[in-house]
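The structure appears right after this line, and notes come after that.
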Amino acid sequence: MNRARRRKDFFRTAGTWASAGLSVLVLISVFVFVFSRGISTFSFDMLTDNYWATNYLLDIENGEANDFVPPAATDEEKYFSRKFGFSLVDDIDKENNRLMVVESMSALSPLHEGIIATAGSDQGKTHPVPLGARVRRIDYTNINGEARSAGILGQDSSAAKTIERLEIEAVSINGLFYQTTGGGIRGSIISTLMLIGLTLLFALPLGVSSAIYLHEIAPRNRLTSWIRAAVEMLAGVPSIIFGLMGVSMLFRITSLFGINTQSILLGSMTMTIMLLPLIMRQTEEALIVVPASLRMASLSLGASTTQTIFRVILPNALPGILSATLLSISRIIGESAALIFTMGTAISDNPKISQGATSLAVHIWTVMAGEQPNFELATAISLLILVMVLILNLTVKLLTYRINRKWQV
Amino acid sequence: MAAFKVENINLWYDDNQALIDVSLDIPGNQVTAFIGPSGCGKSTLLRCFNRMNDLLPNTRIEGNIIMQDGREISDPSVDVVKLRTEVGMVFQSPNPFPMSVYDNVAYGLRCQGIKNKKQLNTTVEYSLRQAALWDEVKDSLQRNALKLSGGQQQRLCIARAIALEPNVLLMDEPTSALDPIATAKIEDLMQSLKRMYTIIIVTHSMSQAARISDQTAFFLLGKLIEVGPTTEIFQLPKDKRTEDYISGKFG
Amino acid sequence: MITDKRQKNKLASCHRRKLWQDKVIKRIFQGSAILAALMILFIYFFVISRGIQPFLPSYDGDQQNVLSFLTGNRWRPDMNPPIYGVGFIVINTILTSLGAAIISFPISVLTALYIAKVAPPKLRAVLTTIVELLAAIPSIVYGVYAAGTITGLVDDFAGLFGISTYGGNSALAVILLLAIMIFPTITSLAVVSIRAVDRNLELGSIALGASRMETNFKVVLTSAKSGIFAGLALGLGRAFGEATAVSMVAGNRMIGPTLNPFDITRTLTTTILTGMHETSPGLDYDMRFSVGIVLLLVILVTNLSIQYVKRKVGGITNE
Numbered sequence: 049m050n051r052a053r054r055r056k057d058f059f060r061t062a063g064t065w066a067s068a069g070l071s072v073l074v075l076i077s078v079f080v081f082v083f084s085r086g087i088s089t090f091s092f093d094m095l096t097d098n099y100w101a102t103n104y105l106l107d108i109e110n111g112e113a114n115d116f117v118p119p120a121a122t123d124e125e126k127y128f129s130r131k132f133g134f135s136l137v138d139d140i141d142k143e144n145n146r147l148m149v150v151e152s153m154s155a156l157s158p159l160h161e162g163i164i165a166t167a168g169s170d171q172g173k174t175h176p177v178p179l180g181a182r183v184r185r186i187d188y189t190n191i192n193g194e195a196r197s198a199g200i201l202g203q204d205s206s207a208a209k210t211i212e213r214l215e216i217e218a219v220s221i222n223g224l225f226y227q228t229t230g231g232g233i234r235g236s237i238i239s240t241l242m243l244i245g246l247t248l249l250f251a252l253p254l255g256v257s258s259a260i261y262l263h264e265i266a267p268r269n270r271l272t273s274w275i276r277a278a279v280e281m282l283a284g285v286p287s288i289i290f291g292l293m294g295v296s297m298l299f300r301i302t303s304l305f306g307i308n309t310q311s312i313l314l315g316s317m318t319m320t321i322m323l324l325p326l327i328m329r330q331t332e333e334a335l336i337v338v339p340a341s342l343r344m345a346s347l348s349l350g351a352s353t354t355q356t357i358f359r360v361i362l363p364n365a366l367p368g369i370l371s372a373t374l375l376s377i378s379r380i381i382g383e384s385a386a387l388i389f390t391m392g393t394a395i396s397d398n399p400k401i402s403q404g405a406t407s408l409a410v411h412i413w414t415v416m417a418g419e420q421p422n423f424e425l426a427t428a429i430s431l432l433i434l435v436m437v438l439i440l441n442l443t444v445k446l447l448t449y450r451i452n453r454k455w456q457v
Numbered sequence: 004m005a006a007f008k009v010e011n012i013n014l015w016y017d018d019n020q021a022l023i024d025v026s027l028d029i030p031g032n033q034v035t036a037f038i039g040p041s042g043c044g045k046s047t048l049l050r051c052f053n054r055m056n057d058l059l060p061n062t063r064i065e066g067n068i069i070m071q072d073g074r075e076i077s078d079p080s081v082d083v084v085k086l087r088t089e090v091g092m093v094f095q096s097p098n099p100f101p102m103s104v105y106d107n108v109a110y111g112l113r114c115q116g117i118k119n120k121k122q123l124n125t126t127v128e129y130s131l132r133q134a135a136l137w138d139e140v141k142d143s144l145q146r147n148a149l150k151l152s153g154g155q156q157q158r159l160c161i162a163r164a165i166a167l168e169p170n171v172l173l174m175d176e177p178t179s180a181l182d183p184i185a186t187a188k189i190e191d192l193m194q195s196l197k198r199m200y201t202i203i204i205v206t207h208s209m210s211q212a213a214r215i216s217d218q219t220a221f222f223l224l225g226k227l228i229e230v231g232p233t234t235e236i237f238q239l240p241k242d243k244r245t246e247d248y249i250s251g252k253f254g
Numbered sequence: 002m003i004t005d006k007r008q009k010n011k012l013a014s015c016h017r018r019k020l021w022q023d024k025v026i027k028r029i030f031q032g033s034a035i036l037a038a039l040m041i042l043f044i045y046f047f048v049i050s051r052g053i054q055p056f057l058p059s060y061d062g063d064q065q066n067v068l069s070f071l072t073g074n075r076w077r078p079d080m081n082p083p084i085y086g087v088g089f090i091v092i093n094t095i096l097t098s099l100g101a102a103i104i105s106f107p108i109s110v111l112t113a114l115y116i117a118k119v120a121p122p123k124l125r126a127v128l129t130t131i132v133e134l135l136a137a138i139p140s141i142v143y144g145v146y147a148a149g150t151i152t153g154l155v156d157d158f159a160g161l162f163g164i165s166t167y168g169g170n171s172a173l174a175v176i177l178l179l180a181i182m183i184f185p186t187i188t189s190l191a192v193v194s195i196r197a198v199d200r201n202l203e204l205g206s207i208a209l210g211a212s213r214m215e216t217n218f219k220v221v222l223t224s225a226k227s228g229i230f231a232g233l234a235l236g237l238g239r240a241f242g243e244a245t246a247v248s249m250v251a252g253n254r255m256i257g258p259t260l261n262p263f264d265i266t267r268t269l270t271t272t273i274l275t276g277m278h279e280t281s282p283g284l285d286y287d288m289r290f291s292v293g294i295v296l297l298l299v300i301l302v303t304n305l306s307i308q309y310v311k312r313k314v315g316g317i318t319n320e
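Residue numbers (our numbering), protein chains in the order written: chain A, 49 to 457; chain B, 4 to 254; chain C, 2 to 320.
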């Protein structure tokens, strides 16, 4: 080989190395980005909190000052009101706003006696202030009988100042305004789980039985090859088109059940159709590796085709169907475009199957598409999604490896 | 009385003719051996007796196989699924289902809708005893069948077929995947089974055919060359090709 | 044992039920397969039938003109009356997707070659997994990633030329994002088709004095071209159809094709998606279906032209 050829060879080899290296870099960069940005916002509270913060305006009766004993171990950060028997701490929320949180309450604190003052069906009901409530304002009466306010919406910027003011000036407290913690994704987690459950309920029977038909029963004729081609085409349709199909076609079906809005049901039906090619392909691959001799043996013992399928083939294809399930879950978790159309973009804290809600992925889209994108929350959810998708896909890889090994014995 | 009368069978896979004008009688309660080099059509003919060829696409069959009750085997009134309970089959390599020994033997009965526990138990024991496997597995009936040795697996497959009380047992080179000791056990078994069943065995080994069969049929390139009592075929073959094959000139 | 007569009768009825069940269950299986196959027809039917509504005289809203829709240079649903022109959007879609393919295709093919032929066995397994993981990352995560990193890079890069961008939202950002997203698609198909190349062809080439790399480039790649182009078609299809991620970095261009890569753009999918949460049934909603038809058409035409190109590209054919 002369030098020119050798040099060309070198560059070609280097080119393949560099390209492969680039793909590794991209993956690493996605992971580093999502982890480094997401981990700071990610917290256990985020998983359990509602997204929408609720405001509570409470009247407090019998709020006269008393003399409460502070809890034994009070550290520097907590400020206890001896007059009213509760303590506050400073905190900051996910958007970096200062806030004060109720840290503890004595058993007889007037804060247990809150009465909802906001107009509505709950007005007049007793509503004790919960621990962790984000106190915005405390209304009190001073020694001259004048109504005053303490707290962030009053004149004080910290827990220390609020408590100090109450201890010095207040004769009684008569009202309190607080917010629950918002910005969480509990509702979206629940709706994602509902979506996964419903979709699998529809998609697995349909997909698995279609695959069984194609692989075990179907004669080799034109109809069969048309079916295969049609399913193949389905795999190439962009997910946004599935969304359009969902709202135009499947919407008519959900309307029959009286559901006339976007809903989790509609989303799951759309996902069902979308996942059919995936489930069918995975199932068929599992059927292919079941040795033909088992089918022969079963049939030669006088079993009918369906008996052979249910007693011999399906039990052996189960790991494959399991991996189809896991991959489907991974796809459902990641899907956004089709669900934006069929489930809507309104985040719901109490998702119902017959109502619109956001899956985790659509939750990201909603917080990113607003006027002020909430990038922190978006990356934190991305982190959650990424980890789940990663685990699911690696599990499938392991499963596939074990299936192939099983039949090689 | 003949268990099967084969009359002028021709069989094609796509455009390849695998059987050419084959006619012979299979006598009842005897062992008939099909011998011949690979690709001679002997296994294909075997699969005609329980219509396993139906499962292969693009297969075309002409001619008749008359069953003991006088019906033609491919007659529409013949129920294939039922036929296969009457004609059992044992395959070349042992193919037990990946379930317990018990479930393997009970499989055919359960497929017939028999759920009676007591009946299943007796049949499983009876079949395993007939297949000379009972003593080896009676303490581990719930063990996965794939854990048995190759020879045990093959006897399990025989037990599985016997459980249905077939009239005929088809055996497609049942010992080709086994070691000599396991082979000897299966051959002994066949000798005892022929009192109750008509056995048709396809074998690659001429010594095996000579040892176990009552009648032997020699096939070559899809044609039946010669059929007759085993002793005659091996000692006084009428056809030159049979003689050449038996004496090992080709194979 | 199955001998007494009563039991024989019972078995016979069992047997009849078994055959009947067999038939019914087979029908059910066949039904679900046919249902699955019909879905593609349903999708086309429902999207098209809704999408052509605005152009029919029977439409109970402002009837739209097909020609001005297809060739239009403006997308102004906010005007009164609204203007819906999809022509420039098609151009933008094709430009961004092609740009992504031009970047991604060579890298994908080289990576595939590396995985299939060059890499040591252990690295091969690792890289295959990496490509699979890249394919599994949901588009919304890519979108967040692009909005957080790629836009910044583009903005910095534009700054070198003294150009200011809309926070990095630009055609270039879309191109880079799509290039990453279609990479695993093209790569995995290319790996499969490279592996499928007959080893004898390779040996033949090596026996003729070609080096391993020369063989890989001149024989293996040309023999695998059918599969590689199938991968490209699939990748382009994904690029055209990608919605959420693209909408997060595309900007929201209202007028004219984007020829400057640092300028904001608008693709067919982002058009279908944007403003989705604030629209209600009516013309604006139906027009999304019309854009959907155009999207399906673009994908169809692309697939056909790739078929054509595949036939034209020289080398040995393995069909």
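Just so it is clear, CB atoms sit at the ideal spot from N, CA and C, and this is done for glycine as well.
{"query": "C-beta neighbour in chain A for B:TYR16, strict 8 Å", "result": "no"}
{"query": "Of the residues C:ILE307, C:ASN304, C:LEU274, the one placed nearest C:PHE290, counting alpha carbons only", "result": "C:LEU274"}
{"query": "Between the CA atoms of A:SER430 and A:SER378 - distance to the nearest angstrom", "result": "13 Å"}
{"query": "Assumed close pair A:MET293, A:PHE250 - CB separation to whole angstroms, cut-off 8 Å", "result": "With a Cβ gap of about 15 Å, A:MET293 and A:PHE250 do not count as contacting."}
{"query": "Close beta carbons around C:GLU215, own chain, < 8 Å, minus the five adjacent residues each side", "result": "SER206"}
{"query": "Inter-stretch contact at 8 Å, needing at least 3 Cβ pairs: the stretch 86–93 of chain A / the stretch 416–433 of chain A", "result": "yes"}
{"query": "Residue environment, C:LEU1, which counts as buried when at least 16 other CB atoms sit within 10 Å", "result": "Absent from the structure is residue 1 of chain C, since the part of chain C shown begins at 2 and ends at 320."}
{"query": "Contact list for the stretch 2–36 of chain C against chain A, Cβ threshold 8 Å", "result": "LYS19, LEU20, GLN22, ASP23, ILE26, LYS27, ILE29, PHE30, GLN31, SER33, ALA34, ILE35, LEU36"}
{"query": "Length at least 4, wholly inside the stretch 199–258 of chain A: the alpha helix (DSSP H) runs in chain order", "result": "207–217"}
{"query": "Under 8 Å (Cβ pairs) to chain B, residues found in the stretch 411–425 of chain A", "result": "none"}
{"query": "Rounded straight-line distance, which links the Cα of A:PHE58 to that of C:GLY232", "result": "27 Å"}
{"query": "Short CB-CB distance (under 8 Å) between B:MET174 and chain A", "result": "no"}
{"query": "Cβ distance (whole Å) where B:GLY225 is taken to contact B:CYS43 below 8 Å", "result": "7 Å"}
{"query": "Start and end residues, alpha helix (DSSP H) containing C:ILE273", "result": "269–274"}
{"query": "Counterpart residues of B:MET92 in DSSP-defined beta bridges", "result": "B:LEU173"}
{"query": "Complete runs of the alpha helix (DSSP H) confined to the stretch 27–97 of chain B [at least 4 residues]", "result": "45–51, 83–89"}
{"query": "Pick from B:ASP191, B:LEU27, B:TYR200 that is closest to B:ALA212, judged by C-alpha positions", "result": "B:ASP191"}
{"query": "From B:ASN13, B:ASP17, B:SER80, B:ASN32, residue whose alpha carbon lies closest to that of B:THR201", "result": "B:ASN32"}
{"query": "Per-residue burial, A:GLY5 [other beta carbons within 10 Å of its own, 16 or more giving buried]", "result": "Summary: the structure shown does not reach residue 5 of chain A, with chain A confined to residues 49 through 457, and so no result is reported for it."}
{"query": "Rounded C-alpha distance that separates B:PRO177 from B:PHE94", "result": "6 Å"}
{"query": "Which residues DSSP lists as bridging B:ILE203, in chain order", "result": "B:THR35, B:LEU173"}
{"query": "Within-8 Å CB hit, A:ALA52 to chain C", "result": "no"}
{"query": "Run of the beta strand (DSSP E) containing B:ALA5, from where it starts to where it stops", "result": "5–16"}
{"query": "Cβ contact check for the stretch 201–216 of chain A and the stretch 238–252 of chain A: 3 or more pairs under 8 Å", "result": "no"}
{"query": "Length of the line joining the Cα atoms of A:ILE237 and A:GLN227", "result": "22 Å"}
{"query": "Residue span of the alpha helix (DSSP H) that contains A:LEU298, given as start and end", "result": "Unbroken run through A:LEU298: none, as it is neither H nor E."}
{"query": "Contacts that B:ASN53 makes with chain A (C-beta to C-beta distance below 7 Å)", "result": "SER348"}
{"query": "Start and end residues, alpha helix (DSSP H) containing C:ASP285", "result": "284–313"}
{"query": "Nearest-angstrom beta carbon gap, C:ILE256 and C:ASN81 [assumed within contact, 8 Å]", "result": "Not a contact, Cβ separation roughly 17 Å."}
{"query": "Contact test: C:THR130 Cβ vs the ligand GDP heavy atom, cutoff 7 Å", "result": "Absence of the ligand GDP from the depicted structure is noted, as is the absence of any ligand whatsoever, leaving it without description."}
{"query": "B:VAL84: contacting residues in chain C (beta-carbon distance under 9 Å)", "result": "HIS16, LYS19, LEU20, ASP23"}
{"query": "Cβ shell of B:PRO240 (< 7 Å), same chain only, five flanking positions each side left out", "result": "GLU229, GLU246, ILE249"}
{"query": "Collapsed DSSP secondary structure at C:TYR45 in the structure displayed", "result": "helix"}
{"query": "Burial state of B:ILE161, where buried means 16 or more other Cβ atoms lie within 10 Å", "result": "buried"}
{"query": "N-terminal and C-terminal residue of the beta strand (DSSP E) that A:VAL183 is part of", "result": "182–190"}
{"query": "Between the CA atoms of C:ILE104 and C:LYS118 - distance to the nearest angstrom", "result": "22 Å"}
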